[in-house]
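What follows is a single structure, written as structure tokens, with notes after it.
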Amino acid sequence: MIAELGHYALVLALLAAVTQAAFGLIGPAVGKPAWSAVARSATSAQFMLATISLGALVWAFVQNDFSVEYVASNSNSALPLLYRISAVWGAHEGSLLLWAWILAGWTLAVSWRSDGLPEGFAARVLGILGLVSIGFLLFTLATSNPFARLEPAVPDGRDLNPLLQDPALAAHPPMLYAGYVGLSVAFAFACAAMIEGRLDQTWARWTRPWTTVAWAFLTVGIALGSWWAYYELGWGGYWFWDPVENASFMPWLVGTALIHSLAVTEKRGLFKSWTLLLAILAFSLSLLGTFLVRSGVLVSVHSFAADPARGMFILIFLVMIIGGALTLYAWRAPLLRSEAGFEFTSRESFLLFNNILLVVAAAAIFAGTMAPLISDALGLGTLSVGRQYFDPVFLLPILPLLALAAVGLHSGWKRGRVTERRAAILWTLLASVLVTLLLVLGVWEGAKILTPVGFALGVWLILSPLIDPIDRWRRKLTLTPALLGMALAHASLGVFVVSITAVESYTRERDLALAVGEAGQVGEFEYRLTGLSGVEGPNYDALRGEVVVTENGKPVGVLYPEKRNYWVQRQVMTEAGIDMQLTRDVFVALGEDLGAGRWSVRAQVRPLINYVWFAAVLMALGGIWAACDRRYRREPHA
Amino acid sequence: MTPRQRRVTLVVGILVGVSAAVALAVRAMNENVMFFFDPTQVASGEAPIDKRFRLGGMVRPGTVVREPGALEMSFVVTDFQKDVPVKYSGIVPDLFRENQGVVAHGRLGADGTFVADEILAKHDENYMPPEVARAIKDKHGGVMPVNPDVRSVPRT
Numbered sequence: 010m011i012a013e014l015g016h017y018a019l020v021l022a023l024l025a026a027v028t029q030a031a032f033g034l035i036g037p038a039v040g041k042p043a044w045s046a047v048a049r050s051a052t053s054a055q056f057m058l059a060t061i062s063l064g065a066l067v068w069a070f071v072q073n074d075f076s077v078e079y080v081a082s083n084s085n086s087a088l089p090l091l092y093r094i095s096a097v098w099g100a101h102e103g104s105l106l107l108w109a110w111i112l113a114g115w116t117l118a119v120s121w122r123s124d125g126l127p128e129g130f131a132a133r134v135l136g137i138l139g140l141v142s143i144g145f146l147l148f149t150l151a152t153s154n155p156f157a158r159l160e161p162a163v164p165d166g167r168d169l170n171p172l173l174q175d176p177a178l179a180a181h182p183p184m185l186y187a188g189y190v191g192l193s194v195a196f197a198f199a200c201a202a203m204i205e206g207r208l209d210q211t212w213a214r215w216t217r218p219w220t221t222v223a224w225a226f227l228t229v230g231i232a233l234g235s236w237w238a239y240y241e242l243g244w245g246g247y248w249f250w251d252p253v254e255n256a257s258f259m260p261w262l263v264g265t266a267l268i269h270s271l272a273v274t275e276k277r278g279l280f281k282s283w284t285l286l287l288a289i290l291a292f293s294l295s296l297l298g299t300f301l302v303r304s305g306v307l308v309s310v311h312s313f314a315a316d317p318a319r320g321m322f323i324l325i326f327l328v329m330i331i332g333g334a335l336t337l338y339a340w341r342a343p344l345l346r347s348e349a350g351f352e353f354t355s356r357e358s359f360l361l362f363n364n365i366l367l368v369v370a371a372a373a374i375f376a377g378t379m380a381p382l383i384s385d386a387l388g389l390g391t392l393s394v395g396r397q398y399f400d401p402v403f404l405l406p407i408l409p410l411l412a413l414a415a416v417g418l419h420s421g422w423k424r425g426r427v428t429e430r431r432a433a434i435l436w437t438l439l440a441s442v443l444v445t446l447l448l449v450l451g452v453w454e455g456a457k458i459l460t461p462v463g464f465a466l467g468v469w470l471i472l473s474p475l476i477d478p479i480d481r482w483r484r485k486l487t488l489t490p491a492l493l494g495m496a497l498a499h500a501s502l503g504v505f506v507v508s509i510t511a512v513e514s515y516t517r518e519r520d521l522a523l524a525v526g527e528a529g530q531v532g533e534f535e536y537r538l539t540g541l542s543g544v545e546g547p548n549y550d551a552l553r554g555e556v557v558v559t560e561n562g563k564p565v566g567v568l569y570p571e572k573r574n575y576w577v578q579r580q581v582m583t584e585a586g587i588d589m590q591l592t593r594d595v596f597v598a599l600g601e602d603l604g605a606g607r608w609s610v611r612a613q614v615r616p617l618i619n620y621v622w623f624a625a626v627l628m629a630l631g632g633i634w635a636a637c638d639r640r641y642r643r644e645p646h647a
Numbered sequence: 003m004t005p006r007q008r009r010v011t012l013v014v015g016i017l018v019g020v021s022a023a024v025a026l027a028v029r030a031m032n033e034n035v036m037f038f039f040d041p042t043q044v045a046s047g048e049a050p051i052d053k054r055f056r057l058g059g060m061v062r063p064g065t066v067v068r069e070p071g072a073l074e075m076s077f078v079v080t081d082f083q084k085d086v087p088v089k090y091s092g093i094v095p096d097l098f099r100e101n102q103g104v105v106a107h108g109r110l111g112a113d114g115t116f117v118a119d120e121i122l123a124k125h126d127e128n129y130m131p132p133e134v135a136r137a138i139k140d141k142h143g144g145v146m147p148v149n150p151d152v153r154s155v156p157r158t
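Chains as they are written, first to last, in this note's numbering: chain A, 10 to 647; chain B, 3 to 158.
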């Protein structure tokens, strides 16, 4: 009954979305901007109905209603409650519903905060968001209904994939989707501006906080996924250039470019059509990412063909949204010319290069991600693109970008020249070179070619953003949240670069073969296997190793890596044992029984690795801080 | 420079930069892309000798041999037409077992043994790497001889 209610609410939500789109788009077009009131009510209705629908699915999971096929496929009565809830978005159907719900939520937020917007413009924004909602709700209802019943019901479910039974991964999809979907707001603002044929600096001021907050969510979502991959997959890496990871990273890169280009459009009224194009691209890549991952195209070309209805729907929807927006762009963008010019060393040109480099990086990743698909579709052979391609083509645009950021932060708008702040730039550069020398010569030995480059750029990027806030503070000038948030986000990027450099340069790893009582050496660290015992969890049993780690004879800690065997899916999972410290992680994962009483053990020591995710979270906080600036809350009409 | 000249310089500079980036990306892709070969293709000499590639097929039952207590191991990858012996040292993924699909990255040695440096991990016991499934299907008139449940990995 509850499942049918959820299904019914979803159908009604679709009707609400149609109303929202129709009144939002037609009202202003026929000179009835007051119709926006209807679009607004429809927005509230859509959110309420989507909430009921999602709530019904959560309820079905909590109550172990195995007569619902989706629940039966992705849950089990032995599954802990937290994971029964996160199982809602553990597979295709439910995650689409989550997507639709988050979109309805963002739309409601826009309609609440749109008091300051001109009525016709606000209506159009809601109308565009309604169109996107229609697409997702139709897709869910027509091809991926999570409420479908199973006849006859089964006594127990097939369980959630054990890999997904993890707190970080429970939070990962909602965060990621909040980011993906949040970019739809910038997209809707861009489309509305193109329909009106008018784009001024107030427009950029409305769009900026939405985009920045969406970007912050996306950042946290990606970081959570990367953290999970590190401790859960048993390989100890944090980024694999996996197509699924790339699908989330491309909208992030273009979204980052968009944030910067919006700054130029707001402050100087420049880059207008470029900003629009980026807004369209960022959301298109979000859609593409969601669908590529969810339809299984990237993992297997077969699953695309296996469900032609789903594949066709995806293609048609993508073509309509992206094609429609680009057509609108081709038609309207020439109306939105920018009129001012700028000096070569002004902030505008630094941000221009920022945009070019970010988009080039995104394009290179796009090419590497799509090449296997295209080659396969054209029958040119099955190929795979890995780290050997992605590392160099990503670093090539990104390393200069980091240096440009450290310098560009000190540039002024319009005629401003970086040379005015030459002292600050040179002092921070000198300091970072000194720190790098200390690090490379003193703390760690055995650097690679890029190690000093990475350290120097990272430290420079930590110091450089701090100069301006400190200077203003000493001169008792106002420090706005926008300024401080920006400084925090860029300094976190520096922390990120330093930690990645340390991890990539100084990770020590070895696969050991150990029997109980034996020990192996990884750098200065000794791993001694002292015990193996059986333990039992709520829905699995496990073999647990006891590994005593010492550094140069001094005790570091005892780690308990596990090899888990989940009962329902009969799947073996590796649970790593990690000793986290401020300066390094000691990582150990059990491999397999090698015979003769020995087990294979993956042992790693990774310096500064936790700062990779810590920096990403700080970066996101910087974004949110900046988006809270009062400037964005002031009445745009005033 | 007049504003017009400056704009032209900027545009030309960007074009040159972007084309250089494209050229480098294409080069990087040509050099670093790995192709997939099945045992029949390897046996007929289609696979490169000097480059890394992906070898895929089924682990032939009864061929996994391990030096007791050591990380070195060997097994045979088959598509039920031809076999390729594989050597590997390290930890294999949780789902590696006999009569299951496998993808190995590595090089072909002079003696015809494939020296793997990476064995791919997949997270679902019913999962079969798509290229493996196809390679085996092709040899059997479009029918999978074993493990017919080809489905994609659940991802989030």
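Backbone N, C-alpha and C fix where the C-beta goes; we use that ideal spot for every residue, glycine too.
| Item | Value |
| --- | --- |
| For residue 437 (chain A) and residue 472 (chain A), believed in contact at Cβ under 8 Å, the rounded distance | 4 Å |
| Bridge partner(s) assigned by DSSP for residue 540 (chain A) | A:555 |
| Neighbourhood of residue 309 (chain A) by C-beta, 8 Å cutoff - its chain only, sequence neighbours within 5 removed | Because residue 309 (chain A) sits at a pLDDT of 41, beneath the cut-off of 50, its placement in the model cannot be relied upon, and the point is left open. |
| Residue 402 (chain A) vs residue 373 (chain A) beta-carbon contact at 8 Å | yes |
| Nearest candidate by alpha-carbon position, reference residue 134 (chain B), set A:392, A:13, A:586 | A:392 |
| The stretch 81-89 of chain B in contact with the stretch 580-590 of chain A per 3-pair CB rule at 8 Å | no |
| C-beta neighbour in chain B for residue 79 (chain A), strict 8 Å | no |
| Beta-ladder partner(s) of residue 299 (chain A), from DSSP | Note: residue 299 (chain A) sits in no beta bridge, so no partner. |
| Three-way DSSP call (helix, strand, coil) for residue 584 (chain A) in this model | strand |
| Partner residues on chain A for residue 110 (chain B), Cβ-Cβ distance less than 9 Å | Ordered by position in chain A, no residue passes the 9 Å Cβ test against residue 110 (chain B), which lies about 17 Å from the chain. |
| Test item: CB-CB of residue 188 (chain A) and residue 230 (chain A) under 8 Å | yes |
| Where residue 313 (chain A) falls, given that 16 or more other Cβ within 10 Å makes a residue buried | Note on residue 313 (chain A): pLDDT 36, under 50, position unreliable in the model; no value is reported. |
| Contacts that residue 606 (chain A) makes with chain B (C-beta to C-beta distance below 8 Å) | 71 |
| Residues near residue 139 (chain A) by beta carbon distance below 6 Å, same chain, minus five either side | 26, 29, 30, 33 |
| Simplified DSSP assignment, three categories, for residue 525 (chain A) | coil |
| Any chain B beta carbon closer than 8 Å to residue 601 (chain A) | yes |
| For residue 453 (chain A) and residue 246 (chain A), the rounded distance between their alpha carbons | 21 Å |
| Beta carbon of residue 177 (chain A) nearer than 8 Å to that of residue 261 (chain A) | no |
| Proximity test, Cβ basis, 8 Å: residue 10 (chain B) and chain A | no |
| Min CB distance residue 180 (chain A) to chain B below 8 Å | no |
| Residue 45 (chain B) versus residue 581 (chain A): straight-line alpha-carbon distance, rounded | 34 Å |
| N- and C-terminal bounds of the beta strand (DSSP E) containing residue 210 (chain A) | No beta strand (DSSP E) holds residue 210 (chain A); the alpha helix (DSSP H) holding it covers 210-241. |
| Close beta carbons around residue 633 (chain A), own chain, < 8 Å, minus the five adjacent residues each side | 221, 222, 225, 494 |
| Neighbourhood of residue 553 (chain A) by C-beta, 6 Å cutoff - its chain only, sequence neighbours within 5 removed | 542, 544, 569, 571 |
| For residue 126 (chain B), three-class secondary structure by DSSP | With a pLDDT of 47 at residue 126 (chain B), under the threshold of 50, the predicted position of this residue should be treated as unreliable, though the coordinate-derived value follows. It is coil, neither helix nor strand. |
| Distance CB(residue 612 (chain A))-CB(residue 519 (chain A)) smaller than 8 Å | yes |
| Residue 21 (chain B) classed as buried or exposed, judged by whether at least 16 other C-beta atoms fall within 10 angstroms | exposed |
| Sequence-distant residues of the same chain with beta carbon closer than 8 Å to residue 617 (chain A), five excluded per side | 507, 508, 511, 512, 592, 593 |
| Within 8 Å, strictly: CB atoms of residue 61 (chain A) and residue 199 (chain A) | no |
| Residues from the stretch 31-61 of chain B in contact with chain A, defined by Cβ distance under 7 Å | 31, 34, 35, 36, 37, 38, 56 |
| Segment limits, alpha helix (DSSP H) that includes residue 41 (chain B) | 41-45 |
| Contacts of residue 611 (chain A) in chain B (Cβ-Cβ under 8 Å) | 93 |
| Interface partners of residue 376 (chain A) on chain B, CB under 8 Å | 27, 31 |
| Alpha helix (DSSP H) segment containing residue 83 (chain A), residue limits | 78-83 |
| Near-chain B residues of the stretch 380-403 of chain A (beta-carbon distance less than 8 Å), N- to C-terminal order | 380, 390, 391, 392, 393, 394, 395, 397, 398, 401, 402 |
| Span of the alpha helix (DSSP H), counted from its first residue to its last, around residue 124 (chain A) | Counting along the chain, residue 124 (chain A) falls outside any alpha helix (DSSP H), and DSSP gives it neither H nor E. |
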